[in-house]
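Read the structure below first, then the notes.
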Amino acid sequence: MTTVWRGVYLDDRMAAQMDQVVALVGPDVNVRPTQGSYAGGDVAASAGTHDGAGAIDLAGQDAGMTQDHRELIQAAGRQVGLAMWIRDPSQSDWPWHLHGISVQAGGYWDQGGLSSGGHGQVMDYYDGRNGLASGAPDDGPRDWVGTTWETYQPTITTPEVKDDTVASVNVNGQLNIFVIDESGGIQQNIAGATAWTGWLAGIPGQWSKALSATTDDAGNLSLVGVGSDGVTVQQVWSTPEGWHGPVPFPGVRSI
Ligand SMILES: [Zn+2]
């Protein structure tokens, strides 16, 4: 089955992988596809690699985009089972972009729905090459070679919940939910186009109960609740600062 993911056609499995990439890189990094899959041979510069399933290109030089952002996307893509490379203008007649091919469930030999060109790039990735005609060495991190979407998914864990409050808020059209886990941290789960991203930790602070979430028109997000010290606290998400807090409320103490 195919789906439209941020304006391009992807198979559902690939769309779920891309939802997870978005969650891993966080809202500071703009993940904007410029080509999807099933291109039917129309993508001249891609040697047919976009003709089948499991292929995507992402913009690499939008306003505000840095090399750090490109490397974050590449690492997240590889982490969830994509052979993903940063492509630069010195390599061909193309702008900075990221090119990703989904490693199929069977790994090296499994073409699955990929085009033969896309499958060839998966084999290049396993073999330590960069997937271009030059056969040059892979220029990205090798940490996740062998990972597929099927081996990645079980690593998305479900937290034990400390408090029974589930806070929810809609941010830029995506439902976000938050819970306090057993260690007093907050975990976040985001509804993507096809599936939830899975639980993500890393929001600062120690919390105990009464969590709630709000957002404003600018996409800034505010979490309020009771901290582990019994004092109500606030965490605020804004761009480009990210999470900053906790911000204590003066004179308020829960009983
Ligand atoms: Zn491409």
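Offset between the sequence shown (1-based) and our numbering: plus 975. No residue lacks a Cβ here, since even glycine has one placed at the ideal position from N, Cα and C.
request  = Please classify serine 1213: does DSSP put it in a helix, a strand, or coil?
outcome  = The answer is strand: DSSP assigns serine 1213 an E or B state.
ask   = Whose C-beta lies closer than 6 angstroms to the C-beta of proline 1179 among residues of the same chain, with five residues either side of it excluded?
value = Trp1218.
request  = With distances taken Cα to Cα, identify the nearest neighbour of glutamate 1157 among Asn1145, Asp1138, Asn1151.
outcome  = Its Cα nearest to that of glutamate 1157, the residue Asp1138 stands out among Asn1145, Asp1138, Asn1151.
query = Skipping 5 residues on each side, what residues in its chain have a beta carbon closer than 7 angstroms to that of methionine 1098?
reply = By the criterion of a C-beta distance shorter than 7 angstroms, methionine 1098 is surrounded in its chain by Tyr1083, once the five residues flanking it on both sides are discounted.
Residue closest to arginine 998, alpha-carbon to alpha-carbon, out of Gly1087, Trp1119, Ile1061, Gly1052 = One point to set straight first is that residue 998 is alanine, not arginine, in the sequence displayed. Nearest option by C-alpha distance: Gly1052.
ask   = Which residues does DSSP pair with histidine 1074 in a beta bridge?
value = Under DSSP, histidine 1074 shares a beta bridge with Asp1032, Trp1060.
query = What number of angstroms, rounded off, separates the C-alpha of alanine 1030 from the C-alpha of aspartate 986?
reply = Approximately 9 angstroms between the Cα atoms of the pair.
query = Going by other Cβ atoms of all chains shown within 10 Å of its Cβ, with 16 needed for buried, is serine 1090 buried or exposed?
reply = That one is buried.
key: Boundaries of the beta strand (DSSP E) in which leucine 1175 is found, first to last residue   = 1175-1178 is the span of the beta strand (DSSP E), which, as asked, contains leucine 1175.
DSSP state of threonine 1130 mapped onto helix, strand, coil = Here threonine 1130 sits in helix by DSSP.
query = Can glycine 1121 and glycine 1027 be called in contact, C-beta distance under 7 angstroms?
reply = No. Outside cutoff.
request  = Report the option in Ala1176, Leu1175, Val1208, Ala1193 whose CA atom is closest to the CA atom of serine 1187.
outcome  = Comparing alpha carbon positions, the residue from Ala1176, Leu1175, Val1208, Ala1193 closest to serine 1187 is Val1208.
Environment of leucine 1150 [buried if 16+ CB atoms lie within 10 Å] = With fewer than 16 other Cβ atoms from the protein chains shown falling within 10 Å of its own Cβ, leucine 1150 counts as exposed.
key: Identity of the residues DSSP links to arginine 1104 by a beta bridge   = Its beta-bridge partners are Pro1112.
query = Are the segment 1068-1076 and the segment 1030-1040 in contact at 8 angstroms, needing three or more beta carbon pairs?
reply = Because the criterion of three Cβ pairs below 8 angstroms is met, the segment 1068-1076 and the segment 1030-1040 touch.
query = Using the beta-carbon count (16 or more within 10 Å), is glycine 1226 buried or exposed?
reply = Reliability fails at glycine 1226, whose pLDDT of 49 lies under 50, so the model's placement of it is uncertain and the value that follows must be treated cautiously. With fewer than 16 Cβ atoms within 10 Å of its Cβ, glycine 1226 is classed as exposed.
task = Measuring alpha carbon to alpha carbon, tell me which of Pro1002, Leu1175, Trp1182 ends up nearest methionine 1040.
result = Selected option, being the one with the closest Cα: Pro1002.
key: aspartate 1068, buried or exposed, once every other Cβ within 10 Å from all chains shown has been counted against 16   = The residue in question, aspartate 1068, is exposed, as its Cβ has fewer than 16 Cβ neighbours within 10 Å.
request  = Ignore the nearest five residues each way along the sequence and tell me which others in serine 1183's own chain have a CB closer than 6 angstroms to its CB.
outcome  = Residues Val1201, Ser1203 of the same chain have their beta carbon placed closer than 6 angstroms to that of serine 1183, with the five preceding and five following residues left out of the count.
query = Which runs of the beta strand (DSSP E) fall wholly inside the segment 1116-1167 and span at least 3 residues, in chain order?
reply = Restricted to the segment 1116-1167, the beta strand (DSSP E) segments that are unbroken, complete and at least 3 residues in length are 1142-1146, 1149-1155, 1161-1165, listed in chain order.
query = Which residues in the same chain have their Cβ closer than 7 angstroms to the Cβ of alanine 1050, if we skip the five residues on either side of it in sequence?
reply = Result list for alanine 1050: Pro1116, in chain order.
ask   = Does the distance from the C-beta atom of aspartate 1114 to that of glycine 1103 stay below 7 angstroms?
value = Result no, Cβ atoms of aspartate 1114 and glycine 1103 do not sit closer than 7 angstroms.
query = How should glycine 982 be labelled, buried or exposed, when 16 other C-beta atoms within 10 angstroms of its C-beta is the threshold for buried?
reply = Glycine 982 comes out exposed.
inquiry  = In whole angstroms, give me the CA-to-CA distance for valine 1146 and aspartate 1191.
reply    = CA-to-CA, the gap between valine 1146 and aspartate 1191 works out to about 9 angstroms.
key: Cβ-heavy atom distance, histidine 1094 to ligand 1, below 6 angstroms   = Because no heavy atom of ligand 1 lies under 6 angstroms away, the Cβ of histidine 1094 does not count as near it: no.
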